[in-house]
Structure formats: C-alpha cells, structure tokens
Amino acid sequence: MSSEVTYNRIAMLRAERGISRRQLADALGVHYQTVGYLERGEFSPSLHLALRICAYFEVPVEVIFSLEPFPRLGAGSNGVSRSA
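Numbered according to numbering that gives the first Met the number 0, the sequence shown spans residues 0 to 83.
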C-alpha cells in the first residue's frame, strides 16, 4: 500500500540536542537530504536505518516512530488556562 505513513520525531530530537541535519546524516552514513526527507515524512526509513536512528538518540523506537500522529506538545486535554 503506497499511502502508508510513518510519523517521526527526528526533527524534534535533533533540535532538542542541537544537532544539524548534516551532523546526524554523517553519524548515520546517509546524505543530509535524506534526513530532511525523513523529517518531512517524504521518505520512510528502512528498519535498519530506523534502528540506527534510535541507537544514535539512545531512545526506544516508539519514542521516534509511530503509525499514528504524535500528540502536539503543550496541547493539554484538561482545558486549564494558566493566565490569570
């Protein structure tokens, strides 16, 4: 099925750790544009590449990859406003 989508948090983890696309690509042995394609969801990684990405960030696969969209950060479901 060509409409299968794999969601990921690569860009978020990369930004959180101050790593450029080129640095991540060099560490993974891929072209830096591949990292961009992955982050935008234009390319789904092979299982081998996905596991290498997880190993690089030292997190379980479900932290980075999902078949469902990740919830937006800061989108609390309790509806409580912090403004006075």
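Beta carbons: idealized from backbone N, C-alpha and C, even for Gly.
Model, not experiment: these values are computed from the prediction.
Looking only at its chain, what residues have a beta carbon closer than 8 Å to the beta carbon of residue i, apart from the 5 residues adjacent to it on each side?
| i | result |
| --- | --- |
| residue 50 | 60 |
| residue 36 | 42 |
Pick from the options: whose alpha carbon is nearest that of residue i?
| i | options | result |
| --- | --- | --- |
| residue 30 | 14, 17, 16, 48 | 48 |
| residue 3 | 40, 73, 71 | 40 |
Take residue i and list the residues in its own chain whose beta-carbon comes closer than 7 Å to its own, dropping the five residues that flank it on each side.
| i | result |
| --- | --- |
| residue 5 | 43, 64, 66 |
| residue 12 | 56, 63 |
| residue 24 | 30, 31, 33, 34 |
Under DSSP, the alpha helix (DSSP H) around residue i begins and ends at which residues?
| i | result |
| --- | --- |
| residue 33 | 31-38 |
| residue 72 | It is not in any alpha helix (DSSP H) - residue 72 carries neither H nor E in the DSSP assignment. |
| residue 13 | 9-15 |
Looking at the structure shown, is residue i part of a helix, part of a strand, or coil, going by DSSP?
| i | result |
| --- | --- |
| residue 49 | helix |
| residue 64 | strand |
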